[in-house]
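Chains as they are written, first to last, in our numbering: chain A, 76 to 686; chain B, 146 to 449.
Structure representation (C-alpha cells):
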C-alpha cells in the first residue's frame, strides 16, 4: 500500500490534546465529609463495579485515539495497486446496431454490454480518462475524456440500441479522435463491446485495442420479405421467413390485414434456410398487411419478427405508348414519376384487357375504350384533316395547364396538318399558318374520350423534341391527361429515414400520436409500423420496415480481428490505483459510535445538585 | 445558640423512666430504696464511691466499719448528658458561619439539660473532649450549661476541614470515652447525643454505659447531608477527623447503596439499644428543635 498524501500524518498530532483532555478529566473533585465510615462500606459493596469504571475510562480513551488514527490515515489517501484491466486513457466503443437488441443474453445484448461498461467505469482509477462512443447508424460520443464516474454512468444510462446497422468506419474515426496521441507512454486503450455482426470495418482500428464479445448464439428467425401482389382473386401477400440460426425451428407465423387476422401457419424452417408462404384472397381495398412471427423456439432478435407492407393506392398511372419508335418521346415519358409506360408497336399488341389511364398514340391508331385520355401525335384516323401548312412561327399561346412553363417560340416545324377538330378540342397554340396544338375535354359518361391533347404534326418533322419545352410539355400533358391520385411517397421506408412530405401534412404514428410536417420533411420514423398521412383531402399510408437482412444474421463473432491483430482473451496484468479512504472513514465512524455508546452506559447521575 | 426562647415551653416536661432506679440524694421521686429522710430505715455497707458524708460515723466509731444510713426517702434522678463534640459533629461547609448539625445537637443537649434541671434532677454533662460540667441542680445552672457547650465549639478551620484536628484531644473515640465514663457514673438516665460516626465502632462503649446502673437513651443525630447525600460525580471524599480519603464515582446506584447501608447501620444501632432496654431516636438535625423535642421525643416516650 502506498500513500498519496503523506502530509496529512501531521494531523496525528491531534492525539496530544485528546490525551491531555483525558488526563484532565481524571481529576476528582475533593469533598470534605463528616465521616467516610459509611462511604467506605459502600465502596466495598461496589468492588466489582469499580473495575468496570476504571476499564471504561481507559476504553473510552482507546476508542477516541483509534478513531483519530483511522481518520488521519484516511486523510493520507492510501491506495492499493490492484490488478485491473484499465490504465491511462480509455476509449469505449459500444455497438448500438440492431443486432444488439438480441435477447440471447438476458435482458438484451446491449444491456449486457452496458453492464460490462459499468464494471469498467467502476474500475477506473482517479487518473484514468474514459470516452464513451455509441456506434449505430450515426455514431456519436456520449462522454468525452472524463474522469467523472457519475457523468459516465449517467451518459450510459440513456444509451439505447438503434434499428440500423452500425457505421463502424465512422465509429473508428471517432475513436481515433478520442484516443488522441498514440505515444507509447500515454497510449490509449480502445475497448470494443460488440457482437461482431457486420463489424468488418473494425479492422480499420489501430493501436491498443481489445474486443469484448457480447452475445452467445446466432439463433434468429426473421421475416425477410413481405410484399403484396395483385391477383385476379384480390391481393396476395408473399411472406418469406428466414432462419439465420444454427438450429432447425418450428415457427408460427400469422398474417393480419389491418389488425384483422387473415391466416396463421406453422412453418418448419431448417437452419440457415428460408421458407415462403403466400396468403391469397386479401381484400384489395385493405390499407396495409402485417406479417408477424408469433412463436418460435430459437428467436433472439425481436425487431425483425414483424413486417408491414402498405397497399399503395395506385398513385402510379398506367400509360400505353403506341409508337413505331421515338426515343425522345420514350425518354420524356420514362422520367415521369408514377407513370408506368407500356410500349406497344402494333395496334394489336395489347397487354391486359384493363383500360389504361392514358394513351399515347404516336402516328398509330387503335381502338380505344370509352373516356380514354389520349395524347395524339402526328397522323391519326380519328379526325379529318384538310391539308397542311408550314408557316409555324409562334403567334399566340392560350392559357392552359398543358402549356405551363412551356416556351414554344423556338420551336420550328416543317409541316403541320390542318386538322378538323371538333368543337370541344380547342387550339392552345397558334402559329402563323394555323393551329399547332390542341387540348380539350369531353363530358358525358359515355363520351368516347376524356381528355385529349393533339399534336398535329409528326415529331420527326419538328425540332420540338430537341427543345427544352418538349419534356415540360410532355410532363404537363401527362399530368393533365391523368392526374395522379395520392401523394408522392414511397411505400416503405427504413427506420430513421426522412420522408419528403408536403408541408402541413398530418402524420399519424403507429402509436397513435399525430405530428404535423414542417418544411424539413418528416423524420420521426423510429417506430416500426404503418404511418397514415393526411394532406388536404388525400390520405396515404407508408410503412417503416426493419428489413435489414444483414442485421438479422445475429451470429456473434467473438474472434473478430481488431487493429490487425487478433486480440487474446487473457488480459496482461495491469495495475491501477484503488483508493481506500472511504473504508477507513467508515471504520472511524463505527468507532465513534461505539465510544458514544460506552460513554452513555456509564454516565453518572447529573440531575442532583452538586455540592 | 438560640435555645432560650424554646426553653420556656419545656418547663413542664419531665423525663420518663422505665423503672425505678436507686438515686443518691433527696429528689421528688419515690424510691424503692431507703434514702435520707425523716424516717430512719436501715444501714448498709459502705461501698467505694458512696458519698463519705453519708457514713454514719457513730457506727464507724463503734464497729470500726463504715456503714451508710438509709432513710425512707424520695428518690432523685441523675441525668447524664453525653454530647459528642468531635469534628464530625461540627462539620461545616467552607466559609459557612456555623455548623447546622452542631447547632442542632447543642440545642438538643441544652434542652435535655434544662428538662433535667427544671424537674429538680441532678445533671452531669460531659463532651467527648472529656470536659465535664456538673453535677448541678436547679434551673440557674442553665446558663452555665449553655456557656459550657459553647466553649466546646471547634474553631472554623478545623470544623470545615482546612486544618486537621488534634489527634489526641479532638478525635472521637466513642468506646474509650464511654467506657471511661461508665466507670464512675451514678445510676440514672444516660442521654447520648452523637452521630456515632466512629471508625472504631460504638458497641463496647454502649455496652459499658448500658450496664444495670444506667438507662440508655440514644439520640442519633445525623445531618441531612449524611441522611440523604446530594453530591454526585467523580469525587475524592476526605474524612474530616482522620483525613483518610475515599475515591468514589457517584451515580444513582452508588447513592442507593449508601442509603441501604445507612438504614442497615441505624437499624443495628436501634436494635442494640432496644436489647439493652434503652431507647433510640434517629434525629434529623435539619428539623426544628421544637419539633424534635416537643413532638418526636414525646411521641417516642422520652419525655412527658
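C-beta: ideal position from N, C-alpha, C; glycine also.
Predicted model only: the values in this text are computed from it and were never measured.
Helix, strand or coil at residue i [DSSP, three-state]
i, result
"residue 196 of chain A", "helix"
"residue 611 of chain A", "coil"
"residue 271 of chain B", "strand"
"residue 334 of chain B", "strand"
"residue 436 of chain B", "helix"
"residue 532 of chain A", "coil"
"residue 104 of chain A", "strand"
"residue 415 of chain A", "strand"
"residue 133 of chain A", "helix"
"residue 209 of chain B", "coil"
"residue 192 of chain B", "coil"
"residue 420 of chain A", "coil"
"residue 352 of chain A", "strand"
"residue 584 of chain A", "coil"
"residue 444 of chain B", "helix"
"residue 385 of chain B", "coil"
"residue 419 of chain B", "helix"
Minimum Cβ-Cβ distance from residue i to chain D less than 9 Å
i, result
"residue 344 of chain B", "Here the protein chains are A and B, and chain D is not one of them."
Chain A within 9 Å of residue i, Cβ atoms only
i, result
"residue 323 of chain B", "no"
"residue 234 of chain B", "yes"
"residue 249 of chain B", "no"
"residue 449 of chain B", "no"
"residue 386 of chain B", "yes"
"residue 166 of chain B", "The predicted model places residue 166 of chain B with a pLDDT of 47, which falls under 50 and marks its position as unreliable; any figure quoted below should be read in that light. Answer no: the Cβ-Cβ gap between residue 166 of chain B and chain A never drops below 9 Å."
"residue 204 of chain B", "no"
Which listed residue (the options) has its alpha carbon closest to that of residue i
i, options, result
"residue 243 of chain B", "B:295, B:198 and B:283", "B:295"
"residue 452 of chain A", "A:483, A:399, A:220 and A:482", "A:399"
"residue 177 of chain A", "A:215, A:296, A:512 and A:245", "A:296"
"residue 307 of chain A", "A:434, A:359 and A:352", "A:359"
"residue 225 of chain A", "A:279, A:242, A:243 and A:204", "A:204"
"residue 580 of chain A", "A:606, A:558, A:570 and A:567", "A:606"
"residue 334 of chain A", "A:383, A:264 and A:237", "A:383"
"residue 629 of chain A", "A:148, A:167, A:154 and A:180", "A:180"
"residue 249 of chain A", "A:222, A:273, A:237 and A:279", "A:279"
"residue 298 of chain A", "A:288, A:460, A:319 and A:287", "A:319"
"residue 393 of chain A", "A:117, A:634, A:418 and A:266", "A:418"
"residue 363 of chain A", "A:104, A:497, A:330 and A:444", "A:330"
"residue 265 of chain A", "A:164, A:341, A:312 and A:245", "A:164"
"residue 416 of chain A", "A:385, A:435 and A:619", "A:435"
Cut-off 6 Å between Cβ atoms - residues of its own chain near residue i, not counting five sequence neighbours on either side
i, result
"residue 363 of chain B", "337, 418 and 425"
"residue 552 of chain A", "450, 477 and 528"
"residue 641 of chain A", "Here residue 641 of chain A scores only 46 on pLDDT, less than 50, and its place in the model should not be relied on; the value that follows carries that caveat. Excluding positions up to five away in sequence, the list is empty."
"residue 473 of chain A", "503"
Span of the beta strand (DSSP E) around residue i
i, result
"residue 364 of chain A", "363–370"
"residue 238 of chain A", "Neither: residue 238 of chain A is in no beta strand (DSSP E) and is coded neither H nor E."
"residue 381 of chain A", "381–385"
"residue 451 of chain A", "447–452"
9 Å Cβ cutoff, residue i in contact with chain B
i, result
"residue 112 of chain A", "yes"
"residue 673 of chain A", "no"
"residue 198 of chain A", "no"
"residue 120 of chain A", "yes"
"residue 653 of chain A", "no"
"residue 90 of chain A", "no"
"residue 152 of chain A", "no"
Terminal residues of the alpha helix (DSSP H) in which residue i lies
i, result
"residue 350 of chain B", "348–354"
"residue 320 of chain B", "319–328"
"residue 240 of chain B", "Unbroken run through residue 240 of chain B: none, as it is neither H nor E."
"residue 461 of chain B", "This structure cannot settle anything about residue 461 of chain B, because the visible part of chain B is limited to 146 through 449."
"residue 371 of chain B", "369–372"
"residue 149 of chain B", "149–152"
"residue 261 of chain B", "245–263"
"residue 81 of chain A", "From DSSP, residue 81 of chain A is part of no alpha helix (DSSP H); its letter is neither H nor E."
"residue 118 of chain A", "112–120"
Residues near residue i in its chain [Cβ-Cβ closer than 8 Å; skip 5 each side]
i, result
"residue 666 of chain A", "138, 141, 142 and 145"
Close-in-space but distant-in-sequence residues of the same chain around residue i (CB under 7 Å, 5 per side omitted)
i, result
"residue 353 of chain B", "323, 324 and 327"
"residue 645 of chain A", "For residue 645 of chain A, the pLDDT reaches just 46, beneath the cut-off of 50, and the residue's location in the model is therefore unreliable, although a value from the coordinates is still provided. Answer for residue 645 of chain A: no residue qualifies."
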